[in-house]
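*Asks:* Heads up, the sequence shown is in our numbering, so the first residue is 154 and it goes up one at a time.
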Amino acid sequence: MPFTKRFDAECIPEWRKAYMDYKSLRALVYTIEKQQTNSILRNSIATRPDSATSYVNSPPTQLSDVVARDIESERTQLSNASTREEQLSQDDLGFLYNLLTHGTAQEKLFFDLLDQQLDKVSKFFNEREHDARSKFTALQIQMKLVSDYGQLLKDDEETNVSETSPLLRQHHPDNLHDNDTTWSPFLDKKHHQLDYQVARGRLKKAMTEFYHSLQYLQSFKDLNMQAFQKILKKFDRAAGWKAGSVYMKKVKQHHWSTCNDVEQMIEKTEELYTRTFAHGNRRKAIQALKIYQTAEPHTSAAWRVGLYLGACIILLIHTAYLAWDPETSQRIPHMATHLQIYAAFSLPILFSLGFSVNMMVWTRCRINYKFIFELDPSNNLDYHQFAELPALFLLMLSMAMYTDFSQLLEPAISSQSCPMIFFVAVLCICLCPFNIFYRSARKWLAIALGRIILSYLFPVEFPDFFIADELNSLAYTFWTITYFFCAYSCNWTGLDEHCYVTHMWITPFLAALPPWWRFLQCIRRYKDSGERVHVINAIKYTTSIAATFATAIRRMKPTPGMDVVWILCSMVNSSYTSIWDIKMDWGLLVPQSKHVLLRDDLVFPVPIYYVSAVINVALRFAWALNTAGLTLHSDILGYLTAVMEACRRLQWNFFRLENEHLSNCADYRAINEIPLPFSPPEDIKQREEQPLSPVSEEEGSIEWPSQRLPRRMQHQQLQRQYTWAHTINPAVPTRVGSFYGRRDFEGKREVKKLPFGYASMGRSPSRKSSANSSDDDDDDDDDDDDDDNDETTHMSPRQ
């Protein structure tokens, strides 16, 4: 693979701005190469022997006498210089910059940009390394605390002292913070086991995330080192004189290029994890810590998806022919009810297939959706795999429809049984307890749906509100699924009398469930954070609920007055949501952006945003087709508008995730922050006189009352208690809020960015490149010359 592509593929997306700008430097090298044919330096500079810099030995035949004397003077000075390596490097650099005074403007610009990139990489690495040292110290302290806590519980069980011990117990771990006495509070016995298990589990996750951050940093160092070597090699070839070996000495004077602290911390973290969580089994510990990128290209899943969809196309063509055949309606009573039921089932299936397209685009555009959704880095679905179940369900639905309309299996399977057979089959697959059909993914979705149904009872995280928003675009299914239950409850008799769904009061309540859940989430988020933007968002969903009930009442009692109410409610809702989509969810309409009415950072081509914004607004007003006097049947028109809304939501997904991803990139957020179970020593001393509040079973952390803090700070303490930053520096405040368009939830990663930045997990740390081997790769004239034959280890928590 060409180095440019490998560089883009292996760099951590959230840290991309901190990497060397290899593409810009490469473009400048190509410009130098084109303009260097008649350059004096290329034809005339006499370089020094390889003992210093490996210059090409050619006499200065075309330089002026003054320039030649300057170079000879430099040679004399270097030959008399000290033999110490540091002094030699300084002399070499002096010689290099002296030559640049006679170089072209492009060559001077190249080294100016290279210096800037070197400083940028060095600064970022030093900040992250300082951060890593602080976190490692915090982990060691926390490991000691939890170990002492466990020993205290063990002693209490053996001596049965805890039965008569007071509510607040204090323990003094030894030598945790120099000579200071560190106090660690624990609760009464009934909470002991919960606290200990929560503390161990949290520390285990924290150590795993910390290990990944070290791998990221090591990958950052190796990849940038390779980039410097590659670009200097290209410059040597393009300019005709060799500056690479000299400049690399300057690179190696920077701490990041030569230090081994990160490797040592990786080894110490492995040892600590092995000793604490793997019972001394180092192999087991390494397997738990490292996330290896699977080499499987998902060929089998892609093949099955293609097979299912191909069979669906054939069956759907035959089914459509049968559905339009008048004889089918004569053979099958209540044909319209069958179609309504199948339409209700088909929309979420088609929407799921469309979501796999979202995932494909996010993957190819390197939008890190796996990190944003907090998916298990070692066990999540690729977009090929994600599409497999929806494709299978669509095939099953096509078979059910074809069997139903053709009456192929009559009388063994009646027409009325086909929808129920399909429903039971899908339900069995979704609830299958065996490790087939991607059980972990089904479990994740079930938990997410459960949290949505119980909205307001849990703190809102990104998957919660995102999936609830997806459900808002599936309102058609909530409207029409009533046909299914009503038909079978009536045993498919008297449907015209009992199952006139448009006149059933239950249908608008079902259709209003998704906006109601989002309303509750907004209220919960306002309660937790105190940010008014969530109240404004909640009002948006009240307009959706109002539009839903206005639609239902208009269908039940169609009057001119009700038509006016419905139009007004729908217009307010569509206008409100359209503005919110573009401004808040997509983060566009930024004043003074370099892209007019957009924002500075974009992933997709600029025209796509303008077109998508127009399409989004137009589809928000798709309900207006009902007033256009079209000749289509109302049921068909309703299904078409539902499909258009689903397409609008799929388009919305692209830019909503892009906005969230760019927010992570802006804050260099590439690692999940796991809250630490014990408070820092300084904070404990300040609070040792205060009573303890009961432990939260949800968070499992040890909490203190914080009446003197602002409400938002109270929320952050209850939500995530103590972070890495507070363990090392308790004076560091917690971020008290975030703008909706940047961070749309108060989740686990909401902390103030430190001067050295705490990142949230994203792309593979791994991708460890061998910086030393890049010199072995020979460059040709085109970009393919950057192929690396080195074997690289790919460990991707996001794969």
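Where a beta carbon is used, it is the ideal one built from N, C-alpha and C, also for glycine.
Do the CB positions of residue 503 and residue 799 come within less than 8 angstroms of each other?
*Replies:* In contact: residue 503 and residue 799 (Cβ atoms closer than 8 angstroms).
*Asks:* Residue 155 by DSSP, collapsed to three states: which one?
*Replies:* Of the three classes helix, strand and coil, the one that applies to residue 155 here is coil, per DSSP.
*Asks:* For residue 727, count neighbouring Cβ atoms within 10 angstroms of its own Cβ and tell me buried if that reaches 16, exposed if not.
*Replies:* Classification of residue 727: buried, given that the 10 Å Cβ count is 16 or more.
*Asks:* Looking at C-alpha atoms only, which residue of 705, 662, 613 and 815 is the closest neighbour of residue 678?
*Replies:* For residue 678, the nearest C-alpha among the options comes from 613.
*Asks:* For residue 372 and residue 163, what's the separation of their Cα atoms in angstroms?
*Replies:* Taking the straight line from one Cα to the other gives about 8 angstroms.
*Asks:* Can you give me the C-alpha to C-alpha distance between residue 495 and residue 646, rounded to a whole angstrom?
*Replies:* Using only the alpha carbons, I get a separation of about 19 angstroms.
*Asks:* So is residue 707 buried or exposed if we call it buried at 16+ other beta carbons inside 10 Å?
*Replies:* Counting Cβ neighbours within 10 Å, residue 707 comes out buried, since at least 16 surround it.
*Asks:* Helix, strand or coil for residue 823, going by three-state DSSP, please let me know.
*Replies:* Here residue 823 sits in coil by DSSP.
*Asks:* Report yes or no: do three or more beta-carbon pairs, one from the region 349-362 and one from the region 817-831, lie closer than 8 angstroms?
*Replies:* Result yes; three or more Cβ-Cβ pairs closer than 8 angstroms.
*Asks:* Restricting to runs no shorter than 4 residues, where is the alpha helix (DSSP H) found entirely within the region 578-619?
*Replies:* Qualifying alpha helix (DSSP H) stretches, in chain order: 592-606.
*Asks:* Given a threshold of 16 other Cβ atoms within 10 Å of its Cβ, counted over all protein chains shown, does residue 435 qualify as buried or as exposed?
*Replies:* Classification of residue 435: exposed, given that the 10 Å Cβ count is below 16.
*Asks:* Can you give me the start and stop residues for the alpha helix (DSSP H) that residue 639 sits inside?
*Replies:* Unbroken alpha helix (DSSP H) run through residue 639: 628-642.
*Asks:* Are the CB atoms of residue 694 and residue 675 within a distance shorter than 8 angstroms?
*Replies:* The answer is yes: Cβ separation under 8 angstroms.
*Asks:* For residue 431, which residues from the same chain have a beta carbon less than 6 angstroms from its beta carbon, with the 5 sequence-adjacent residues on both sides left out?
*Replies:* Around residue 431: 437 and 438.
*Asks:* Please report how far the alpha carbon of residue 185 lies from the alpha carbon of residue 406, in whole angstroms.
*Replies:* Each residue's Cα considered, the two are about 27 angstroms apart.
*Asks:* Looking only at its own chain, which residues have a Cβ that is under 6 angstroms from the Cβ of residue 604, when we skip the five neighbours before and after it?
*Replies:* Result list for residue 604: 611 and 617, in chain order.
*Asks:* What are the boundary residues of the alpha helix (DSSP H) that residue 514 is part of?
*Replies:* Residues 488-517.
*Asks:* With three or more beta-carbon pairs closer than 8 angstroms as the criterion, would you say the region 808-816 touches the region 740-759?
*Replies:* The answer is yes - the region 740-759 touches the region 808-816, with three or more Cβ pairs under 8 angstroms.
*Asks:* Residue 534 and residue 594: beta carbons closer than 8 angstroms?
*Replies:* Yes, these two residues count as a Cβ contact at 8 angstroms.
*Asks:* What does a CB cutoff of less than 6 angstroms around residue 198 pick up in its chain, not counting 5 residues either side in sequence?
*Replies:* Confidence at residue 198 is low in this model, with a pLDDT of 47, below 50, so its placement is unreliable and no value can be given for it.
*Asks:* Between the region 163-174 and the region 816-824, do three or more beta carbon pairs fall short of 8 angstroms?
*Replies:* Touching, per the Cβ criterion.
*Asks:* Would you mind sorting residue 607 into buried or exposed? The rule is 16 or more other CB atoms within 10 Å of its CB.
*Replies:* Residue 607 is exposed by the Cβ-count criterion.
*Asks:* Hey, could you find the ends of the alpha helix (DSSP H) residue 470 is sitting in?
*Replies:* Run containing residue 470: 452-477, per the alpha helix (DSSP H) assignment.
*Asks:* Rank 578, 517, 558 and 587 by C-alpha distance to the C-alpha of residue 479 and give the top, closest one.
*Replies:* Closest option to residue 479, Cα to Cα, is 558.
*Asks:* Pick helix, strand or coil for residue 167, following the three-state DSSP scheme.
*Replies:* Three-state result, residue 167: helix.
*Asks:* Compute the Euclidean distance between the alpha carbons of residue 160 and residue 259, then round it to the nearest angstrom.
*Replies:* Residue 160 and residue 259: Cα-Cα distance of roughly 24 angstroms.
*Asks:* Looking at residue 671 and residue 625, is the spacing between their C-beta atoms short of 8 angstroms?
*Replies:* Yes. Within cutoff.
*Asks:* Check the C-beta distance from residue 484 over to residue 560 and give it rounded, since I have them as a contact under 8 angstroms.
*Replies:* At roughly 7 angstroms, the Cβ-Cβ gap stays under 8 angstroms, so residue 484 and residue 560 are in contact.
*Asks:* From 545, 571 and 777, pick the residue whose C-alpha is nearest to that of residue 590; which is it?
*Replies:* Out of 545, 571 and 777, 545 has the C-alpha closest to the C-alpha of residue 590.
*Asks:* Measure how close the beta-carbons of residue 783 and residue 794 come, nearest whole angstrom, since I'm counting them as under 8 angstroms.
*Replies:* With 8 angstroms as the limit, residue 783 and residue 794 do not qualify as a contact, their Cβ atoms being about 11 angstroms apart.
*Asks:* Could you name the residues of the same chain whose beta carbon sits closer than 7 angstroms to that of residue 725, not counting the 5 residues immediately before and after it, in chain order?
*Replies:* Answer for residue 725: 696, listed in chain order.
*Asks:* On the three-state DSSP scale, how would you describe residue 744?
*Replies:* Reduced to three states, the DSSP call for residue 744 is coil.
*Asks:* Since I believe residue 628 is in contact with residue 664 (beta carbons under 8 angstroms), could you give me their beta-carbon distance rounded to a whole number of angstroms?
*Replies:* With 8 angstroms as the limit, residue 664 and residue 628 qualify as a contact, their Cβ atoms being about 5 angstroms apart.
*Asks:* Does the region 528-543 touch the region 504-511, meaning 3 or more C-beta pairs lie closer than 8 angstroms?
*Replies:* In short, these stretches touch, since the Cβ pair count reaches three.
*Asks:* Count the other CB atoms, across all protein chains shown, that sit within 10 Å of the CB of residue 514; report buried if there are 16 or more and exposed otherwise.
*Replies:* Residue 514 comes out buried.
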